[in-house]
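For reference, the structure is listed below as structure tokens.
Chains as they are written, first to last, in the working numbering: chain R, 1473 to 1586; chain H, 3 to 117.
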């Protein structure tokens, strides 16, 4: 069965420091890959997505992610974290069936210290 | 990106009553909509999938008679929590996809409190 693993439940980063959130997936082929961010009491906002092509994708708010097929990973990065980046981050995959729901990881809570 | 509007954002209802949550796609045709439930500090739990004009497909363990889902048009899906109980209190989020695109767009969520 397909699955998404986010190994880090909670990460604390100093403001201005770099960030990497890990995501691994289990699927026989290359799925469609997404990162979403959720602020408290809000819905999910799409940060970036990977469908094909260049394995380094740029998203909103200065985030980027790199798809590594050999590692079945899609890690999210940001060079310099801002206090407003504190939120819950979810990695998700969609398999090649347009009518199916996304499969989510359990999420990583990002705290930003000053 | 595409916009999904979910209403209301918060609702408080008395135990035993029903409450309806609406999910609208504002600028695209939502051929498929999904309803999730999220417990505090947890990931999203898929409740059901609905395709326009068809009956919803519920995930195992989700009561069809308690959580009524209607997807009558390409821009609107509703979730009705019937005979609500305090344990139904949760954060409910809808999501929509436009076939054949794989990405999903999410509503703002609804905080339901049953007293």
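Using N, Cα and C, we set each Cβ at its ideal position, and we do this for glycine too.
Remember, it's a predicted structure, so these values are computed and weren't measured experimentally.
Alpha carbon of residue i to alpha carbon of residue j, nearest angstrom
i                      : j                      : result
residue 24 (chain H)   : residue 74 (chain H)   : 12 Å
residue 12 (chain H)   : residue 72 (chain H)   : 20 Å
residue 83 (chain H)   : residue 22 (chain H)   : 6 Å
residue 1482 (chain R) : residue 31 (chain H)   : 36 Å
residue 47 (chain H)   : residue 64 (chain H)   : 10 Å
residue 40 (chain H)   : residue 1514 (chain R) : 11 Å
residue 68 (chain H)   : residue 1572 (chain R) : 23 Å
Within 8 Å, strictly: CB atoms of residue i and residue j
i                      : j                      : result
residue 108 (chain H)  : residue 97 (chain H)   : yes
residue 1427 (chain R) : residue 1502 (chain R) : This structure gives no information on residue 1427 (chain R), because the portion of chain R shown stretches from 1473 to 1586.
residue 1485 (chain R) : residue 1565 (chain R) : no
residue 44 (chain H)   : residue 110 (chain H)  : no
residue 1559 (chain R) : residue 1549 (chain R) : no
CB contact below 8 Å: residue i versus chain R
i                     : result
residue 10 (chain H)  : no
residue 115 (chain H) : no
residue 19 (chain H)  : no
Beta carbon proximity, residue i to chain H, threshold 8 Å
i                      : result
residue 1598 (chain R) : Only positions 1473 to 1586 of chain R appear in the structure, and residue 1598 (chain R) is not among them; the question remains open.
residue 1519 (chain R) : no
residue 1525 (chain R) : no
Got a sec: which bits of the segment 74-97 of chain H sit with their beta carbon under 7 Å from any beta carbon on chain R, in order along the chain?
Listed in sequence order: 95.
Any residues in the segment 1486-1514 of chain R with a beta carbon nearer than 8 Å to a beta carbon of chain H? Which ones, in chain order?
The residues in question are 1504, 1506, 1508, 1513 and 1514.
Please confirm if the segment 1517-1526 of chain R is in contact with the segment 26-36 of chain H, defined as three or more CB-CB distances below 8 Å between the two stretches.
Taking a cut-off of 8 Å for Cβ pairs, the segment 1517-1526 of chain R and the segment 26-36 of chain H do not touch, as fewer than three such pairs fall below it.
Short of 9 Å Cβ to Cβ, which residues in the segment 1533-1550 of chain R face chain H?
Of all residues in the segment 1533-1550 of chain R, none comes within less than 9 Å of chain H when Cβ atoms are compared.
Identify each residue in the segment 40-68 of chain H for which the Cβ-Cβ distance to at least one residue of chain R is less than 8 Å, and report them in chain order.
Taking 8 Å as the Cβ-Cβ cut-off against chain R, the residues of the segment 40-68 of chain H that qualify are 43, 44, 45, 46, 48, 51 and 53.
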